[in-house]
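Chains A and B, in that order, are what the protein sequence lines are. One rule links them: number in this note's numbering = place in the first sequence (from 1) + 26. Residue 121 in this note's numbering sits at position 125 of the second sequence, and the numbers go up by one each step. Backbone N, C-alpha and C fix where the C-beta goes; we use that ideal spot for every residue, glycine too.
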Amino acid sequence: MSEKKENPMTLAESLVEYGRTKGASEVEVSINEGSQFRAAVRDGDLETLTESGPKTLRLRVFVDHKAAIASSSDFTKATLTALVDNAIARARLSGADEFAGLPNLEKVGAEIDKLRIFDPAILEMPPEKKIAYATRAEAIGRAQKGVNKSLGSSFVTDASTLYLANSKGFAGSYRSTVAYAVAGFEAGEGTNLFQDAWFEGGTTLAKLPDPEVLAKTAASRVTRLIGARKVPTQNVPVVVEPSVAAALLLGLFAECIDGRGVAQRRSFLVDKLGEKIASDLVTVVDDGLWPAGFGTVPFDREGVPSRKNVVIDKGTLKSYLLDTYHSRKLKMAPTGNADGTTNFYLAAGASTPEQIVASVDKGLLLTGTMGLGTDPTTGDISMGAFGMWIEKGQLAFPVAEITISANLADILKGIEMVGNDLVFHDQTNAPTIKVAQMTIGGTTTKS
Amino acid sequence: MNEIERREFLKLTGAGLGVLAMSSLFHDRLLAGTLPADGATLFDERFGVSRETMAKVLATALSRGGDFAELFFEYRVASSVRMEDDLLKESSEDIGLGVGIRVLKGKQTGFGYSSDLSEEKMKSAALTAAAIAASAGTVAPPKLTPVKPDKQVYLLTRPLAEAPLADKIAMVTEAYKAALGHDPRIKKATVIFGDELQVVTIANSEGLLVSDTRPQARLIVMATAEANGTRVTGSDNAGGRVGATFFQSNGTMPKDIGKGAAEEAIILLSAVSPAPGDQPVVCGNRNSGVMVHEAVGHPFEGDGIWQKSSIMHDKLGQTVANSIVTIYDDATIPHHRGSMNVDDEGTETRKVVMVENGKLTSFLHDRLSARMTGVKPNGHGRRQSFRHIPIPRMNNTVLAVGTSDPEEIIRSVKKGFFAHSYQGGEVQDTGKFTFSVNLGYLIEDGKLTAPVKNATLIGTNLQVLKEIDMIGNDLRFFLGTCGKNGQGAPVTAGTPTFKIRQMTVGGRA
């Protein structure tokens, strides 16, 4: 039942054309072809080996500003044409929305080769070497003092090619790769156990450090928590480690400046453009063109070219991150963020992490959080937390089973120090920061 | 959620998968004749995959020395409609087609998948999966014997996948109007209706050949209220493996769901922060199911048991909870979101009691965890799609009803916290968990007083199981999508009102 192989771009363009002849005002078709590899190792043995070639087609049609979308991994011709027919019929039943439609055609300026998001060495790496990397990282981690056991280690590579065509004449494609390794360990005694994992990798093989670096980082994230205890409920300054500052604070902030959330008024940053929302030390940037970044793309899923957007400039909110629809609705210039944030970061400051910890008389070094307690509508944060207690500028003892509670609006204004330790480790990145105050929930103080 | 798979998880969510839906392609074929439709016929007739082809692919999968091979064929049609800003914003239709091929060799798993169901492509995926084993040899194709599931737990009358789009538009419009019309302080509402129909055929090297046709539908409403510079969001939802009549019944009509979301938002407008610290916590029925699922359920899943990462791995037969606590998972409850006739490995589902009167009696197993712990699989192998490896998962997890009147439970607390609804929860294999409460109340002198937002509950699994000292008689179910190892699975969790003697509540002082 296999049909004649067709070049994906040709297929995308022919479906765009088909949609136009069937009455759609505008049509967009994208095809993603991938090649994924994953090897997982536990206790020295290869446990899972996965290889696959995912393939998905997505389409959007507009009929007089009425929208419908569809996707399929069934590439049978009859299915694909029926999918377009159905989408056109469904679009006619949608409400007309003046902002709905394809982006204006913009030339993609980026030289794709210079973005360094495709590394053939990742594809050429033999499976045995990938398995060996994961095995070695796991072995080194398990041998670290205080580690009880391994939660497994894995090596993953992913290569994909995206083809995008639309009825305004956009036709673009690019290839991308990632390779990364993950290792996780457990430490602790009795029921006071700690588990965590770490990953290293990037869009090029050169981003992958020696497995020892991965193993030791992953192991130290749990061994430093051995013997952790609760502390009494109190308000204290909090030093936030880079990984938590990125995942928790920038993660929630990204939701709050997303055009969709802003248009739906599900953000505490509605109507705040041009206002001072953070301390002078805070500059936040989204840069889709950062070379070899996890989030780097020449254009977003609508074909809008990537660019560098300064979101907070020295404390002042400068921009939201927008797709085409919300840029029209909010009457702002497009930012190329139909896929959300690209490479999103808090710019480095001047202080060393040691100076930041030394500045705290009594407080918390926040190294991990648990739970989903963030609310973009209010900016409220309420999470389970792990970390190290700071006394007189020194790390005193590990703490766990506490909660942190704060509001992102207060946190942004209360950032008193920003570290010089920004590293592009993930898609969202931050240096160490010091926040003036958060509420720690723990044991109830006797009064 | 397992941290190990974080990149994978990010990619999954980034790709916008997991959107439930409704559709119109091939329903004539899928739903013709008596239900459930025979999925095996679908894959044979439409994609030319005969029983002989399946057997040959299974033989290829075992050609490198694997000891078990399995084909998971899936065809899924899903669709959704969304209303926002007084407009029907968008509708979607998504089609998933493919086969996942798995080979086991001892504790090892090899896996590959293909969306192309030609014999050549399937054999190529089978060889990928086969590579987990390293010897060679020829294996005779297994004799596949079709069996039918021994039960039918879905409502396939008037399936929503067949309903015209206009009907679904009418439903979201009704919910939307109910939310916005509830109170002038409701400024925004978003309503999403999604339904899907999943046809699976599972064939394995032991000769099993079984098919299942599974409907799923859900209506979700989010309502944002604004007053005096405060902006809050409430939500409500309903659904299950049901047909159109479900949404025409009292309590689950679209207008009821819209009103539920709006009511929560209005209450949240006046909510205060909780008093942080250790205190008695009463968990309300229905939504506190998320706590039963996360804090209680996850550590009983078989992968954490054989890998010895779960705190429960060495506690079978031991007392792990207060004697009033009984916990079970039952995938056979009719029409529930987490129900299945057979699991995604073709094993018949049945009720599994994990804790009986405080004693740990069983874990939740898929084939691999059952094999590794020397027991039989008990119907809990689930996978998000043909692209995923089955892993032990919950379906409908329940804290069994107790004898207390819910009012009496609240009356027993002089000063404490009542949890009504949650944004979500997370648990580690160590048993440590965190829940974010969307709406709670202070308990003062045995009565619910001020509404509370921005609260967090933290603790450990074993501590909570032992500290549950009152259980109500008012069981209700919560609907959710559980994320684990980057895979989403539709679930419910049921609970009556229950009390935890002491627990840490986080909030702002």
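Give a yes or no on contact between the stretch 85 to 93 of chain A and the stretch 126 to 141 of chain A, applying the rule of three or more CB pairs nearer than 8 Å. In this structure the stretch 85 to 93 of chain A touches the stretch 126 to 141 of chain A; the number of beta carbon pairs closer than 8 Å is three or more.
Could you tell me the distance, in whole angstroms, from the CA atom of Gly298(B) to the CA atom of Glu215(A)? Numbered from its first residue, the second sequence carries residue 298(B) at position 302. Numbered from its first residue, the first sequence carries residue 215(A) at position 189. Taking the straight line joining both Cα atoms gives about 23 Å.
What did DSSP end up calling His416(B) once you bin it into helix, strand or coil? Taking the first residue of the second sequence as 1, we reach residue 416(B) at position 420. It is a strand residue.
Cβ of Thr469(A) within 8 Å of any chain B Cβ: Taking the first residue of the first sequence as 1, we reach residue 469(A) at position 443. With 8 Å as the cut-off, Thr469(A) counts as an interface residue toward chain B.
Rounded to whole angstroms, how far is the Cβ of Pro270(B) from the Cβ of Val501(B), which I believe are closer than 8 Å? Taking the second sequence and counting its residues from 1, one reaches residue 270(B) at position 274. Taking the second sequence and counting its residues from 1, one reaches residue 501(B) at position 505. Yes, Pro270(B) and Val501(B) are in contact; Cβ-Cβ is about 5 Å, under 8 Å.
With a 10 Å radius around its C-beta and 16 neighbouring C-beta atoms as the bar for buried, classify Glu422(B) as buried or exposed. To locate residue 422(B), count along the second sequence from 1; it is residue 426. Per the 10 Å Cβ criterion, buried.
List, in order along the chain, the chain B residues whose C-beta lies closer than 9 Å to that of Asp406(A)? Start at 1 with the first residue of the first sequence, and residue 406(A) comes out as number 380. In chain order: Ser269, Lys449, Asn450 and Arg504.
Excluding the five sequence neighbours on either side, which residues of its own chain have a C-beta within less than 7 Å of the C-beta of Lys347(B), listed in chain order? As a first step, residue 347(B) is located in the second sequence; it is residue number 351 there, counting from the start. A distance below 7 Å between beta-carbons, with the five flanking residues on each side excluded, links Lys347(B) to the following residues of its chain, in chain order: Tyr324, Asp326 and Thr328.
Contact test: Val336(A) Cβ vs the ligand ATP heavy atom, cutoff 7 Å: No copy of the ligand ATP appears in this structure; indeed no ligand is present at all.
Whole beta strand (DSSP E) runs in the stretch 155 to 236 of chain A with 3 or more residues, listed along the chain? The qualifying runs are 173 to 192, 197 to 215 and 218 to 228.
How would you call Asp71(A), buried or exposed, if buried means at least 16 neighbouring beta carbons within 10 angstroms? Numbered from 1 along the first sequence, position 45 holds the residue referred to as residue 71(A). The residue in question, Asp71(A), is exposed, as its Cβ has fewer than 16 Cβ neighbours within 10 Å.
Quick one: measure Cβ to Cβ for Ala209(A) and Ala223(A), integer angstroms, because I've assumed they're closer than 8 Å. Here residue 209(A) refers to the residue found at position 183 when the first sequence is read from its first residue. Here residue 223(A) refers to the residue found at position 197 when the first sequence is read from its first residue. Indeed, because the Cβ distance is near 6 Å, the residues count as touching under 8 Å.
Just checking my contact of Ile95(A) with Ser88(B) at CB under 8 Å: how many whole Å lie between their CB atoms? On the first sequence, residue 95(A) is found 69 positions in, with the first residue counted as 1. On the second sequence, residue 88(B) is found 92 positions in, with the first residue counted as 1. For Ile95(A) against Ser88(B), the beta-carbon gap comes to about 5 Å, under 8 Å, which counts as contact.
Is it buried or exposed for Thr220(B), if we count other Cβ within 10 angstroms and need 16 for buried? Reading the second sequence from its first residue, position 224 is the one you call residue 220(B). Buried is the call here.
Test item: CB-CB of Leu119(A) and Leu312(B) under 8 Å: Here residue 119(A) refers to the residue found at position 93 of the first sequence. Here residue 312(B) refers to the residue found at position 316 of the second sequence. Cβ distance not < 8 Å, so Leu119(A) and Leu312(B) don't count as in contact.
Where Thr9(A) meets chain B, residues with beta-carbon distance less than 9 Å: Lying before the first or after the last residue shown, residue 9(A) is absent from chain A, which here runs from 27 to 473.
Span separating the alpha-carbon of Val77(B) from that of Val95(B): Taking the second sequence and counting its residues from 1, one reaches residue 77(B) at position 81. Taking the second sequence and counting its residues from 1, one reaches residue 95(B) at position 99. Rounded to the nearest angstrom, the two C-alpha atoms are 28 Å apart.
Please state if the CB of Val316(B) and the CB of Leu458(B) are separated by a distance shorter than 8 Å. In the second sequence, counting from the first residue as 1, residue 458(B) sits at position 462. In the second sequence, counting from the first residue as 1, residue 316(B) sits at position 320. Yes, they are a contact pair.
Looking at the C-beta of Ser87(B), does it have a partner C-beta in chain A at a distance below 8 Å? Counting from one through the second sequence, the residue named residue 87(B) turns up at place 91. Output row for Ser87(B): interface = yes.
What residue range is occupied by the uninterrupted beta strand (DSSP E) comprising Trp316(A)? Position 290 of the first sequence, counting from 1, holds the residue named residue 316(A). Neither: Trp316(A) is in no beta strand (DSSP E) and is coded neither H nor E.
Using CA coordinates, which residue listed in Thr343(B), Ala199(B), Met350(B) and Asn392(B) is at the minimum distance from Pro373(B)? Working through the second sequence from its first residue, we reach residue 373(B) at position 377. In terms of CA proximity to Pro373(B), Thr343(B) leads the group Thr343(B), Ala199(B), Met350(B) and Asn392(B).
Of the residues that make up the stretch 97 to 120 of chain A, which ones have a beta carbon closer than 9 Å to any beta carbon in chain C? The chain inventory of the structure shown lacks chain C, comprising the protein chains A and B.
What are the residues in the stretch 427 to 443 of chain A lying within 9 Å of chain B by C-beta distance? Across the stretch 427 to 443 of chain A, CB contacts with chain B closer than 9 Å involve Glu427, Ile428, Thr429, Ile430, Ser431, Ala432 and Asn433, in sequence order along the chain.
Taking the DSSP output, what are the residues bridged to Gln483(B)? Taking the second sequence and counting its residues from 1, one reaches residue 483(B) at position 487. DSSP, once it has assigned bridges, lists Lys480(B) as partnering Gln483(B).
Sort out for me which residues DSSP pairs Trp415(A) with in a bridge. Residue mapping note: residue 415(A) aligns to position 389 of the first sequence, counting from 1. Looking at the DSSP assignment, Trp415(A) forms a beta bridge with Leu390(A) and Phe423(A).
Give a yes or no on whether the minimum CB-CB distance between Gln483(B) and chain A is below 8 Å. Residue mapping note: residue 483(B) aligns to position 487 of the second sequence, counting from 1. Output row for Gln483(B): interface = no.
Classify Asn58(A) as helix, strand or coil using the three-state DSSP reduction. Position 32 of the first sequence holds residue 58(A). Of the three classes helix, strand and coil, the one that applies to Asn58(A) here is strand, per DSSP.
Taking Arg230(B) as part of the beta strand (DSSP E), name the residues at either end of that continuous run. Within the second sequence, the letter at position 234 stands for residue 230(B). What sits at residue 230(B) in the sequence shown is Gly, not Arg. Counting along the chain, the beta strand (DSSP E) containing Gly230(B) begins and ends at Thr226 to Gly236.
Could you name the residues of the stretch 173 to 184 of chain A whose beta carbon sits closer than 8 Å to any beta carbon of chain B, in the order they occur along the chain? Cβ contacts with chain B: Lys175, Leu177, Gly178, Ser180, Val182 and Asp184.
With 8 Å as the threshold, decide whether the Cβ of Ser51(A) is near any Cβ in chain B. The residue you call residue 51(A) lines up with position 25 of the first sequence. For Ser51(A), no Cβ of chain B is located within less than 8 Å of the residue's own Cβ.
By a C-beta neighbour count over all protein chains shown, 10 Å radius and 16 as the cutoff for buried, is Thr30(B) buried or exposed? The residue given as residue 30(B) occupies position 34 in the second sequence. Note that Thr30(B) has pLDDT 35, beneath the 50 cutoff, so the model's placement of it is unreliable and the number below is only indicative. Thr30(B) counts as exposed, since fewer than 16 other beta carbons sit within 10 angstroms of its beta carbon.
Endpoints, alpha helix (DSSP H) assigned at Gln459(B): If you number the second sequence from 1, residue 459(B) lands on position 463. From DSSP, the alpha helix (DSSP H) with Gln459(B) extends over Asn457 to Glu463.
Beta-ladder partner(s) of Lys355(B), from DSSP: Here residue 355(B) refers to the residue found at position 359 of the second sequence. The beta-bridge partner set that DSSP reports for Lys355(B) consists of Thr315(B) and Glu352(B).
Are the C-beta atoms of Gly354(B) and some chain A residue less than 8 Å apart? For the purposes of this step, residue 354(B) is identified with residue 358 of the second sequence, where counting begins at 1. Cβ-Cβ to chain A under 8 Å: no for Gly354(B).
Boundaries of the alpha helix (DSSP H) in which Glu290(B) is found, first to last residue: As a position in the second sequence, residue 290(B) is number 294, starting the count at 1. That residue, Glu290(B), is in no alpha helix (DSSP H); it is neither H nor E in DSSP.
With 8 Å as the C-beta to C-beta threshold (strictly closer), list the residues of the stretch 143 to 164 of chain B near chain A in chain order. Interface annotation for the stretch 143 to 164 of chain B against chain A: Leu161 and Ala162, criterion Cβ-Cβ distance under 8 Å.
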